[in-house]
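Just so you know, the sequences run in chain order A and B. Mapped onto full-length UniProt numbering, the consecutive letters of the first sequence carry residue numbers 1 to 306. Mapped onto full-length UniProt numbering, the consecutive letters of the second sequence carry residue numbers 1 to 306. Single-structure report; data block below.
Number of protein chains: 2
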Amino acid sequence: MSQIYDRVALIGLGLIASSMFWAIKRGGLAGEVTGYARSQETRDTARRIGLCDRVCDNAAQAVEGADLVVLCVPVGVMGAVAAEIAPHLKPGATVSDVGSVKRSVVEAVSPHIPEGVHFVPAHPLAGTEHSGPESGFAELFDNRWCLLVPVEGSDTRAVAKLRAFWEGLGSNVEEMEIERHDLVLAVTSHAPHLIAYTMVGVADDLRRVTDSEVIKYSAAGFRDFTRIAASDPTMWRDVFLTNREATLEILGRFTEELFALQRAIRTGDGEMLHDYFTRTRAIRRGIIEAGQDTDAPDFGRGKVKT
Amino acid sequence: MSQIYDRVALIGLGLIASSMFWAIKRGGLAGEVTGYARSQETRDTARRIGLCDRVCDNAAQAVEGADLVVLCVPVGVMGAVAAEIAPHLKPGATVSDVGSVKRSVVEAVSPHIPEGVHFVPAHPLAGTEHSGPESGFAELFDNRWCLLVPVEGSDTRAVAKLRAFWEGLGSNVEEMEIERHDLVLAVTSHAPHLIAYTMVGVADDLRRVTDSEVIKYSAAGFRDFTRIAASDPTMWRDVFLTNREATLEILGRFTEELFALQRAIRTGDGEMLHDYFTRTRAIRRGIIEAGQDTDAPDFGRGKVKT
C-alpha cells in the first residue's frame, strides 16, 4: 500500500474515525493524520492512546492544509461542522463524510463547500455496538462495503482518489445514487435498528414484571436484538430524523406484514407461516453466497480475517 | 462426569438431539443412546455419521428399555409421538422433551403418559440457525440455561436426575413454572423471531425492486435478522401456533411501542428517541453482566469456551 493523501483530517473521533486512523497507519495511506473532537475528554483520550498523529483543539486547526477532511460526526451536526471548517479548507482539498444517511448530509454540507474544494460523500457499511475513541480497530472495514455517493459535479479525480483510499482501508467500494442509498439503507439497517430498539424496550417494560428473568434467560433472538439496540443513541437518533421518509416507508411495510403474520397466528394458518419462514430462510443463503456474512458465528461485528 | 442413565432414547434427530448425543458421549452420561427419526433420509444420515449408538426404524423400538426418553420433535407433533411410544415405555422411565413452548406440550403429552412413568418437561435455551442431524455439536449447551418445567406430581427424584443429566450436558439448570416459561420465552425468543422473519420478508419484497442490493449491502442490522430468520420453519410455525396467546400479547405491546417511536420520528421528537435508545443500551449491559453474552462478537450461537 502507498500514500494516497499527504494529510488527512478526521473530524469527530468515535468508532469510525478511530478505526480509520488505525487502518490508515496499517496501510501507510497518509503522511499525517490530524484529528479533532468537540469534547475535551475525547481529545484527552485520543492523545493518551496515540489516536491521530496530532490532536487539535479546534476543527479549523485540524483541517488546515489537509488534502482530505472526513466528517465523522453524527448526521445531525454535519452542517454545523461544515460551516465551521469551510473558511479553513485548503483549495483542491476533498471533503467527505461517513454518515449513514446521504440526502440530508448533502443538503446540510454542500452549501458550505467553497469553490475549488471537492465534496464526495461516502458511507462505510461497518460498525459495532461500541462507540467512542477507544472502540476502533484497523480491521473494521476489511471486506466491508464502502459506498461513495458523488454529488452533481463531484470531481472524477477526487472520487477516484477517495475510492483508492477506502480500498486501502480494506473496503470494497461502489458508487451509488443518493436516493437509492437512503432507501437501501433504510431496509438493511435503519428499520432493523429501530425494530431492535423497540423490542428491547418492550422487554424492559416486562422486566419490571418478571424481575430479571427476561435478561437472565435472554435466548438467542432477544440477545441479538440487544446487541443491535446498544448502538450509539445520538448517531441513531440523527439517522432516523434525517432519513425519516424512507424509514417510515419501510416501517409501514413492516407493520403490514407483521399484521398479516399475527393474523395467521391468531387464525392458526400454519401453512402461511411455514411458507413465509421458508422464504426468509432462502434469503439468508443469498447473503452467505454474496459473501456478506460467513457461516461462522461472528455476525460481522468483529475483526474480519483478510 | 459419570453415567446417569443406562439407556437414553432420542426421538427426532435434529440440531438439539444430535447435540445432546455428542454431549452425552463427551460426558459419559449414558450407557447406550438409541435414536429414531421419522424420515428414512435422516436415519440414514445418522447411521452414516455415527449419530446414536443404535438408530432404530421405529419409535417403539427406540424407547424400549430406555430410562430416559427425550422428545426432540417439533412442538406440534409431540402429542402424536407420545401416543405412539406410550405402550412401549419402561415402567419407572422418565419422559422429557426439548420444546420451546411448555403449556401446549404438557397438554398434548401428559394424557399419554402411563402410570409409573415420569413426565418432566424441559427446554434448553440453545440453538443455532442450522437444523438437521448434521448440525449438532457437543458444546451447544455449555453455559446455556436449561429450564425444567415440572408438572403437577412430577417425581422429585426423576426431576433431580434429569437436572444432573442436563448439568452433565453443560447447562445451567433452573426450574420454572409453566405459564411463566411461556411468557418469558415469548419476550426473549418467540416475538423477536417473528419480528426478524417479518423484516426479512419486507426486504425480500423490496429486493425485487432494488435487484440484489438489499442482500449485497446487508449491513449489520439486517444481516443479524437474517440469521434469526433462517431458523427451522416447521419448528417455528409450531412455536407460534402453540404459544399463540403470549406471542400475540407481546406483539401487541411491540406494535404499540413501535407506533410511538414512528410518531417521534414523524414529529421530529429527537429527545424521545435519544432517551429510548439510551435505555435500551443499558439493558444490553445488564445482559452482559448476567453472563448471558460475552462482549465477544459471537452472539452465543457458536461453540462456547468452557
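Idealized CB from N, CA, C, for every residue including glycine. Quick caveat: nothing in here was measured; it's all calculated off a predicted structure.
| query | result |
| --- | --- |
| Length of the line joining the Cα atoms of residue 4(B) and residue 20(B) | 14 Å |
| DSSP state of residue 71(A) mapped onto helix, strand, coil | strand |
| Chain-ordered neighbours of residue 236(A) on chain B, where CB pairs are closer than 7 Å | 277 |
| One or two residues paired with residue 121(B) in a DSSP bridge | DSSP output for residue 121(B) lists no bridge partner at all. |
| One or two residues paired with residue 197(A) in a DSSP bridge | Per DSSP, none; premise fails for residue 197(A). |
| Partner residues on chain B for residue 192(A), Cβ-Cβ distance less than 7 Å | 199, 221, 222, 225 |
| Rounded C-alpha distance that separates residue 232(B) from residue 176(B) | 25 Å |
| C-beta atoms of residue 30(B) and residue 169(B) nearer than 8 Å | no |
| Under 9 Å by beta carbon: chain B residues contacting residue 38(A) | Simply none; closest approach about 17 Å. |
| Residues of the region 149 to 176 of chain B with Cβ closer than 9 Å to any Cβ of chain A, in chain order | 174, 176 |
| Amino acids of chain B, ordered along the chain, whose beta-carbon sits closer than 7 Å to that of residue 247(A) | 265 |
| Spatial distance of residue 289(A) from residue 215(B) (CA atoms) | 10 Å |
| Residue-level contact to chain A via CB, residue 22(B), 8 Å cutoff | no |
| Closest residue to residue 53(A) among 95(A), 28(A), 143(A), 222(A) (Cα-Cα distance) | 28(A) |
| Residue environment, residue 306(B), which counts as buried when at least 16 other CB atoms sit within 10 Å | Unreliable positioning characterises residue 306(B) in this predicted model, as indicated by a pLDDT of 29, which lies under 50. A coordinate reading is not provided. |
| Contacts that residue 273(A) makes with chain B (C-beta to C-beta distance below 7 Å) | 237, 240 |
| Beta carbon proximity, residue 97(B) to chain A, threshold 8 Å | no |
| Beta-bridge partners of residue 35(A), as assigned by DSSP | 10(A), 55(A) |
| Within-8 Å CB hit, residue 268(A) to chain B | yes |
| Short Cβ contact (8 Å threshold) for residue 103(A) with residue 11(A) | no |
| Beta-carbon spacing of residue 18(A), residue 136(A) below 8 Å | yes |
| Minimum C-alpha distance to residue 193(B) - residue among 133(B), 129(B), 42(B), 264(B) | 129(B) |
| Contact under 8 Å by Cβ, residue 140(A) with residue 162(A) | no |
| Any C-beta of chain B under 8 Å from that of residue 203(A) | yes |
| Residue 120(A) versus residue 13(B) - alpha carbon distance | 55 Å |
| Neighbour-count burial assignment, residue 66(A), 16 or more Cβ in a 10 Å radius | buried |
| Residue 83(B) versus residue 112(B): straight-line alpha-carbon distance, rounded | 6 Å |
| Contact under 8 Å by Cβ, residue 273(A) with residue 237(B) | yes |
| Residue 167(A) to residue 197(A) span [Cα, whole Å] | 32 Å |
| Contacts of residue 48(B) in chain A (Cβ-Cβ under 9 Å) | Residues of chain A passing the Cβ test: none, with the nearest at roughly 21 Å. |
| Cβ shell of residue 42(A) (< 7 Å), same chain only, five flanking positions each side left out | 13, 133 |
| Whole-angstrom distance between residue 240(B) and residue 56(B), CA atom to CA atom | 31 Å |
| C-beta neighbour in chain B for residue 196(A), strict 8 Å | yes |
| Exposure label - residue 303(B); buried when at least 16 CB within 10 Å | Confidence is the limiting factor: at residue 303(B) the pLDDT is only 35, short of 50, which leaves the residue's position unreliable and the question unanswerable from this model. |
| Distance CB(residue 35(A))-CB(residue 15(A)) smaller than 8 Å | no |
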